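Per the working numbering, the sequence shown starts with residue -7, numbered consecutively. Every residue gets a Cβ at the ideal spot worked out from N, C-alpha and C, and that includes glycine. Computed from a predicted model, the values in this text were never measured in an experiment. In what follows, a single structure is set out as structure tokens and then discussed.
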Amino acid sequence: MTEKLTDNASLRELMTTLQGVQTDFQNSKSNITTVLGSPFLNTDKLDITKTKIETLKSVLVNNLIYKGVSASTQSSFTDLINAINFIVQSILIVKCKDTERVEEVNNPYIIYNDKPNIKGCLRIKGTLMVYKNWATFASSRLEIIYGEKKEYIYLSCDATASGRSMNFEKDIIVNNDTQLKIQVLLTDVGTGNSSTAKAYTSVSDVTLLR
């Protein structure tokens, strides 16, 4: 509202001011509709516009989740748009050789140590396994080291089973010159570890996708 009404404003002045407010509002709504495009219309009331925005946001969230990207309707549109960068097209870059048994505690077994030579989102998938055998428990850790960052995946096996396995999937952002190292290590073993059937960890089917 560009004009301030006084207590003694005439009806004509009041009508003129209200018409100006209505015109400004309609022009603003028209400009926004033009930028957003379908399904927004100039004739939409505010509650209709709100419903359409919520519907589009829900569709965007569902599409991101379908593509394997974590998303929520509680997130801002900016965060959801930025999350598009994490969509992986599943183009195979590297398939790593399966590890041997890693039996020595805190002695990393390197699965991959190179530059993927890509820029953007890289998905790392595989299966992590740990077997305690005769020990009371065994714990392992998969380490993904890229640039100055580190990601960890943990797996433990206790008295409820002699071994456990889990499929893992991790998305990271890399540049063409990012050095990537993937390694696995046995982090801890309980008492009773047998020399003939040692506790161990291993990794299989590790692939790098984009």
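Own chain partners of residue i with C-beta closer than 7 Å, once the 5 adjacent residues on each side are dropped
i	result
T(-6)	Low confidence applies to T(-6): its pLDDT is 43, below 50, so where it sits in the model is not reliable enough to give any reading.
D150	F129
R61	The question names Arg, yet the displayed sequence has Val at residue 61. Excluding positions up to five away in sequence, the list reads A75, F78 and I79.
N34	K21, S22 and T25
K59	I79
N125	S154, S186, A189, K190 and A191
R93	Y192 and S194
Continuous alpha helix (DSSP H) stretch holding residue i: start and end
i	result
S20	L3 to L28
L38	L38 to Y58
N74	F69 to A75
Same chain only: Cβ atoms within 6 Å of residue i, ignoring 5 sequence neighbours per side
i	result
N109	N168
T100	Looking at the sequence itself, residue 100 is Pro, so the reference to Thr does not match. Here the set comprises Q175 and L177.
K190	E95
M158	L120 and L147
I76	none
L56	A63 and A75
L203	No information on residue 203 is available, as it lies outside the stretch -7 to 202 that the chain covers here.
Residues bridged to residue i [DSSP beta-bridge criterion]
i	result
T119	N159 and S196
C220	Residue 220 is absent from the structure shown; the chain starts at -7 and stops at 202.
Q175	I102 and E135
L201	L84 and R115
K141	Y138
A130	C149 and V181
Limits of the unbroken beta strand (DSSP E) element including residue i
i	result
A151	Run containing A151: none; DSSP gives neither H nor E here.
Given residue i as reference, the closest of the options once Cα atoms are compared
i	options	result
S131	L33, V97, V27 and T170	V97
V195	T152, V166 and T91	T91
I112	F69, Y123, I165 and T152	In the sequence on display, residue 112 carries Gly and not Ile. Nearest option by C-alpha distance: I165.
Y123	T193, I103 and Y104	T193
K142	K37, V198 and L172	L172
D36	T183, T199 and F17	F17
V51	I73, I40 and D39	I73
L84	I40, L38, K117 and L48	K117
Cutoff 8 Å; reference residue i; Cβ partners in own chain excluding five residues on either side
i	result
K107	N168, D169, T170, Q171 and L172
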